[in-house]
Amino acid sequence: MHSFQHGLRLAVVLLFVTAAMSVAKEPAQVVVFGDSVTATRGELKIYAHHLAEAFHADVHNAGVGGNTTSDGLVRFHRDVLSRKPDIVIIGFGINDAAVDVWKDPPATEPRVPLFIYEANLRHFVRMCKKQGATPILLTPNPLSWTDKLRERYGKPPYDTTDDHGFNVLLPQYAATVRRVAHEENVGLVDMNLAFEKEGAADLLLDGMHPNEAGQALMSDLMQPLVAQAIEHPAKKPAPPQPFQPGAKSESGIEYAAGVKELDHLNIHGPFVKRPDGALVAVSQGGALETDDFGKSWKTFPIAQGDEKMIVRGERAMLQTASGALVLVYLDDAHKDTIKWGWDKEKNAPVPGTRRDAYVVRSLDGGHSWEKPQRILTGYCGAIRDIVQMKNGRLVVPLQNLLMEEARHATVVYTSDDDGVTWQERETLDVGGRGHHDGSIEATLVELKDGRLWMLLRTNLGYLLETFSDDGVRWSPMHPTAIDASSAPAMVVRLASGRLMLAWNQTYPEGETNFVRSDKLHSQRPASWHRGELSIAFSDDEGHTWTEPVVVARKPKAWLSYPYLSEVEPGRIWVTTMQGGVRLELQEKDFVQEKVEVKEEVKEEVKKEKKPQGKAKDDVKKDAQPKLKEEAKESVKEKK
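So the sequence shown is residues -24 to -1, 1 to 615, counted in mature numbering (1 follows the signal peptide of the UniProt record, and there is no 0).
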């Protein structure tokens, strides 16, 4: 049966191959990237050999036995991206899903947790696309018991009495590959399904690795996708626009041309604009007020009487619709309750690790303050954002250290009385292990449809998102298309209605590699790139964004923990808690202004070739450059 179906597939594939080779000029550069299923194995003719014979292509084998996706992450730039491939075939999973029950003591968890496996796959796919290569994903093939494998893996969670008992976790990993391929819109070769249909035991060399027939089947399945990718290659990206430096600060920060350095500003924010136009901020010593955009400040104490207060840099503040200022902060004055320690041997927090979070209110614009209250007892490393919903509810995401799990999670708090009382709501936990791992340091914004949209820092190479209708119940966290290093973002809504985002991208501009953290920081090696601060804008509620623009750069520095403050409509301050970024930019310099195309103007566009008289012609000439491209889009939006 296998030989007949193999011949049938070859006949079909030949049509694709012939078409692809007829148009190919230079040989396509193909990299096969994976574990021992992909790696060269003695005299066995693996699928890479079949591809090299079938196509006008240079096929580079980057398979390494025993590798997980996390191992592949470390060598991805060197073994794959540095070759400038046209096509990358990505196949991992058997080792990721493996539970090493043969160890002493036996392992109880897979080598790579499912959420990290997914993150690694998405990273491979996105970086290939970014470089102009076509990625193709392979699901891991199913396994089959042999005497040797029963002896080595014959313990729970595996079941030697079941023919499929060696595939306890593998189907979940295969399903993840399918979902990633669908969501990232890339080619999929479903080896897991194909091997099950054909009879996995007959296609495996040793219960794990495909034999000659299995490798031939793999090749047959992937050749149509490879042929299509050769015939219709991905568009190679244009060379990145080089950073255009403008002013340079005394500390060595290079600001992009077109932005203004705020060299008089020594406060990093957040800045809250009162109805009277004054800006309010806080520092370690108290509240600050300026009516001349930071050139001079008035100071007002927050602590009452003999109480001491030292407000840390990680804080959030807003003014409610009723006029109350609400500050959520960490207080360094509470030395008796602050403790930090991490056991390197156990990779876990030491008992008693603690830093509480507090809230304090002002009802007179920051001149006097009420008595602070503690809202989180635990360890909160940073506070980033707070919003008020249209119904008046305040929502603040705080992070808390999960002591037993040895990672951070985000805990949501809400208030329905302008910050007088607070309720703990849902805990958002993505998993991980390490003193900087988990889902943390969230920013959030209310969308036009009334939902809250939260973006969370992770070590997965991108921001996570979650949504809520009420601030109480939140949707499952899901990867965004926003690639990010292990650093928090800030999202705000501008007066124009646009969303603006500031964050640190995964890699320096134009590069595909960066030094990653150790396992004490993160279970998954994470990019710690913070030497560039980028911004982007969205006109469609965060579905798409303008190309990221680096607005501040200082290699090897940390320009992170951004705040975005619109001090006047379209006039935005971008500041950071780390690194001392202080800049001002104009929204109009980074986005094309929207033009409301009314029905009568559309008629003018249609009649542009007809003489309209001098006055109308003059109007038409002024309006046309902006309207010409936007009129069609506006019509589509209204329909």
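Just so you know, even glycine gets a beta-carbon here, dropped at the ideal spot from N, CA and C.
Can residue i and residue j be called in contact, C-beta distance under 7 Å?
i, j, result
"L470", "G518", "no"
"L264", "R558", "no"
"Y355", "Y334", "no"
"V388", "R401", "yes"
"G328", "V256", "no"
"W318", "H185", "no"
"V153", "T110", "no"
"P455", "R98", "yes"
"W479", "A465", "yes"
"V7", "A28", "no"
"E508", "V525", "no"
"P89", "G437", "no"
"E94", "R529", "no"
"I66", "L125", "no"
"S461", "H505", "yes"
"M167", "Y23", "no"
"Q481", "S451", "no"
"E346", "R337", "yes"
"Y129", "V144", "no"
"Q562", "W534", "no"
Could you check what DSSP says for residue i in three-state terms: helix, strand or coil?
i, result
"K592", "Confidence at K592 is low in this model, with a pLDDT of 33, below 50, so its placement is unreliable and the value that follows should be read with caution. Three-state DSSP puts K592 in a helix."
"R51", "helix"
"E160", "helix"
"E544", "strand"
"E290", "coil"
"I70", "helix"
"H36", "strand"
"Y275", "The sequence given here has Thr at residue 275, not Tyr. Three-state result, T275: strand."
"G10", "strand"
"P538", "strand"
"residue 641", "The structure shown does not extend to residue 641, since the chain is modelled only from -24 through 615, so no value can be given for it."
"E523", "coil"
"I206", "helix"
"M466", "strand"
"Q349", "strand"
"T551", "strand"
"T16", "coil"
"residue 616", "Residue numbering for the chain in the displayed model covers -24 to 615; residue 616 lies beyond these limits and cannot be assessed."
"T456", "strand"
"F153", "Note that residue 153 corresponds to Val in the displayed sequence, not to Phe. V153: helix per DSSP, three-state reduction."
"Y483", "coil"
"F171", "helix"
"P215", "coil"
"S514", "strand"
"D196", "helix"
"G190", "helix"
"Q148", "helix"
"R126", "helix"
"S338", "strand"
"D319", "strand"
Quick one: using the 10 Å Cβ neighbour count with 16 as the cut-off for buried, is residue i buried or exposed?
i, result
"G473", "exposed"
"A463", "buried"
"D252", "exposed"
"R51", "exposed"
"R291", "buried"
"D139", "exposed"
"Q375", "buried"
"T313", "exposed"
"H240", "exposed"
"A83", "exposed"
"T520", "exposed"
"N242", "exposed"
"L477", "buried"
"L423", "exposed"
"S298", "exposed"
"G48", "buried"
"E283", "exposed"
Step through the CB atoms of chain D and report whether any lies within less than 7 Å of the CB of residue i.
i, result
"D307", "Included in the structure is just one protein chain, with no chain D present."
- [ ] Could you tell me which uninterrupted beta strand (DSSP E) segments, each at least 3 residues in length, are contained entirely in the segment 224 to 272, listed from first to last along the chain?
- [x] Annotation: the segment 224 to 272 contains the following complete segments of the beta strand (DSSP E) (minimum length 3 residues), in chain order: 230 to 232, 255 to 258, 263 to 266.
Open item on the list: I'd like to know if the segment 409 to 419 and the segment 377 to 386 are in contact, where contact means that at least 3 CB-CB pairs between them fall below 8 Å.
Closed with: They touch, by the three-pair rule.
- [ ] Tell me the start and end of each unbroken beta strand (DSSP E) in the segment 366 to 429 that is at least 3 residues and wholly inside, in chain order.
- [x] Counting whole runs of 3 or more residues, the segment 366 to 429 contains the beta strand (DSSP E) stretches 370 to 378, 383 to 391, 399 to 404, 416 to 422.
Task: Cβ pair count under 8 Å reaching 3, the segment 425 to 438 against the segment 390 to 398 - done: Between the segment 425 to 438 and the segment 390 to 398, the count of C-beta pairs closer than 8 Å stays below three; the two stretches do not touch.
Open item on the list: At 3 residues or longer, what runs of the beta strand (DSSP E) sit wholly inside the segment 56 to 121?
Closed with: Listed in chain order, the complete beta strand (DSSP E) runs (minimum 3 residues) inside the segment 56 to 121 are 63 to 67, 110 to 114.
TODO: Report yes or no: do three or more beta-carbon pairs, one from the segment 68 to 75 and one from the segment 116 to 128, lie closer than 8 Å?
DONE: They touch, by the three-pair rule.
TODO: Evaluate the contact criterion for the segment 34 to 48 versus the segment 207 to 224: three or more CB pairs, one atom per stretch, below 8 Å.
DONE: No, because fewer than three Cβ pairs between the segment 34 to 48 and the segment 207 to 224 fall closer than 8 Å, the two stretches do not touch.
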